[in-house]
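Participant: Per numbering that gives the first Met the number 0, the sequence shown starts with residue 0, numbered consecutively.
Every residue gets a Cβ at the ideal spot worked out from N, C-alpha and C, and that includes glycine.
In this text the structure is predicted, and so the values were computed from the model without any measurement.
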Amino acid sequence: MTRQPDSRSKPSRTAPDTRSPEKGLPAQDGHGCLRDIVYGAMDGSVTTFAIVAGVAGAELSPFIILALGFANVLADGFSMAAGNYAGTKAELDDLHRLQRLEHARIKAEPAAALRDLRAQLARQGLSGEVLEAATAQIAADPGHWGRQLLAGDHGLSDIDPQPMRAALATFAAFLAAGLVPLLPFVLSLENALGTATVLTMASFFGIGAYKSRWSLTPWWRSGLETVAIGGVAAGLAFAVGRLFTL
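#1: In this structure, does DSSP put leucine 186 in helix, strand or coil?
#2: Can you tell me whether aspartate 92 is helix, strand or coil according to DSSP?
#3: My guess is that alanine 80 and threonine 169 are in contact by the Cβ rule of under 8 Å, so how many angstroms apart are they, rounded?
#4: So what's arginine 243 in DSSP terms, helix, strand or just coil?
#5: Leucine 120 and leucine 130: beta carbons closer than 8 Å?
#6: Taking Cβ positions, are phenylalanine 48 and threonine 216 nearer each other than 8 Å?
#7: Among the candidates Ala132, Ala139, Phe77, Gly193, whose CA atom is the shortest distance from the CA of lysine 106?
#8: Where do the ends of the alpha helix (DSSP H) carrying leucine 130 lie?
#9: Taking only runs of the alpha helix (DSSP H) that begin and end inside the stretch 30 to 58, which ones reach a length of at least 4 residues, in chain order?
#10: Does the stretch 31 to 46 come close enough to the stretch 170 to 184 to have 3 or more Cβ pairs within less than 8 Å?
#11: With the cut-off set at 8 Å, would you say leucine 97 and leucine 155 are in Cβ contact?
#12: Which residue wins for smallest C-alpha separation from arginine 117, given the options Asn83, Ala85, Asp152, Leu223?
#13: Under 8 Å by Cβ, that's how I've got asparagine 71 and isoleucine 50 pegged, so tell me the actual separation to the nearest angstrom.
#14: Would glycine 240 and alanine 66 be called neighbours here (beta carbons separated by less than 8 Å)?
#15: For glycine 124 and leucine 148, I'd like the C-alpha separation in whole angstroms.
#16: How about glutamate 101 and glycine 43: are their beta carbons less than 8 Å apart?
#17: From the DSSP output, in three-state form, read off glutamate 108 for me.
#18: Using a Cβ-Cβ cutoff of less than 8 Å, which residues in the same chain neighbour alanine 110 once the five nearest sequence positions on both sides are dropped?
#19: Assuming glutamate 224 and glycine 205 are in contact, meaning their beta carbons sit under 8 Å apart, how far apart are those beta carbons, in whole angstroms?
#20: Under three-state DSSP, which class holds threonine 225?
#21: With tryptophan 213 as the anchor, note down where its alpha helix (DSSP H) starts and where it stops.
#22: Going by the CB atoms, is the gap between serine 202 and serine 211 shorter than 8 Å?
#23: Whose CA, out of Cys32, Thr46, Leu33, lies closest to the CA of isoleucine 228?
#24: Taking all protein chains shown into account, do 16 or more other C-beta atoms lie within 10 angstroms of the C-beta of alanine 74, making it buried, or fewer, making it exposed?
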């Protein structure tokens, strides 16, 4: 008789699943670039298309649209990247300052730091022998101890933000998304504004759908929400431009 394979035998050696249990959300380690990419792409699309719509609404030359559009993509993109770098660098400096304070407190006042650690773990639901064992286990490693205090006292993790990566991600996303509304004018297409509108709305939808991978919002709803936000900004700019033709 043929022996059936035992389902309880050796575990499968397939690659570990890096997606979270909730609707297959992808895991993200460290300080990911999602915020920087979405931030840069949204602003690049909105501001560039707002310029295109505003200048087109004023019925000015396509050359003016291109000049202002490219100037915005480069100057505003660099400005956003520089601002993001400075902000992330300040966040990193503050994190390092707090890390030094917590480690200094562990060395100078170990008893007080230990009480703080025990209180934090108790607030998380541990008690009795489990609480004491967890406290002793964490306190045995000063590095782990400091990380726990950092999270409990300041609500921060010890994962270092990366200012340069944040700046580059912001600038690249701004540049890529900001060039989309300009393409029909570069190619001198008929009804360039209409084509730019369609392309930009598609870009908005793509940005929204992309960021939904890290949320519980359906991709189509996130895309439509982003289209609505970008569309309102573009509509306001076009309306202002039309005022100058009255």
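Facilitator: So, to answer that:
#1: The answer is coil: DSSP assigns leucine 186 none of H, G, I, E or B.
#2: Under the three-state reduction of DSSP output, aspartate 92 falls in the helix class.
#3: Their Cβ separation, rounded to whole angstroms, is 5 Å, which keeps alanine 80 and threonine 169 in contact under 8 Å.
#4: According to the sequence shown, residue 243 is phenylalanine rather than arginine. Of the three classes helix, strand and coil, the one that applies to phenylalanine 243 here is coil, per DSSP.
#5: With respect to leucine 130, leucine 120 sits close: the two C-beta atoms are nearer than 8 Å.
#6: No, Cβ-Cβ distance for phenylalanine 48 and threonine 216 is not below 8 Å.
#7: Here the closest residue by C-alpha is Ala139.
#8: Looking at the DSSP string, the run of the alpha helix (DSSP H) that includes leucine 130 is 127 to 138.
#9: Entirely contained in the stretch 30 to 58, the alpha helix (DSSP H) runs reaching 4 residues are, in chain order, 33 to 56.
#10: Using a C-beta cut-off of 8 Å, the stretch 31 to 46 makes contact with the stretch 170 to 184, since at least three inter-stretch Cβ pairs fall below that distance.
#11: In contact: leucine 97 and leucine 155 (Cβ atoms closer than 8 Å).
#12: Put simply, of Asn83, Ala85, Asp152, Leu223 the residue whose alpha carbon is nearest the alpha carbon of arginine 117 is Asp152.
#13: Correct: roughly 5 Å between the Cβ atoms.
#14: Cβ distance not < 8 Å, so glycine 240 and alanine 66 don't count as in contact.
#15: Answer to the nearest angstrom: the Cα atoms are 16 Å apart.
#16: No; because the gap between Cβ atoms is not below 8 Å, this pair is not in contact.
#17: Three-state DSSP puts glutamate 108 in coil, outside helix and strand.
#18: Excluding sequence neighbours, alanine 110 sits near nothing in its chain.
#19: At roughly 13 Å, the Cβ-Cβ gap does not stay under 8 Å, so glutamate 224 and glycine 205 are not in contact.
#20: In the three-state reduction of the DSSP assignment, threonine 225 falls in the helix class, which pools H, G and I.
#21: Note, tryptophan 213: premise wrong, no alpha helix (DSSP H); not H, not E.
#22: No Cβ-Cβ contact shorter than 8 Å links serine 211 with serine 202.
#23: Minimum Cα distance to isoleucine 228 is reached at Thr46.
#24: A residue is called buried once 16 or more other Cβ atoms fall within 10 Å of its Cβ, and alanine 74, having fewer, is exposed.
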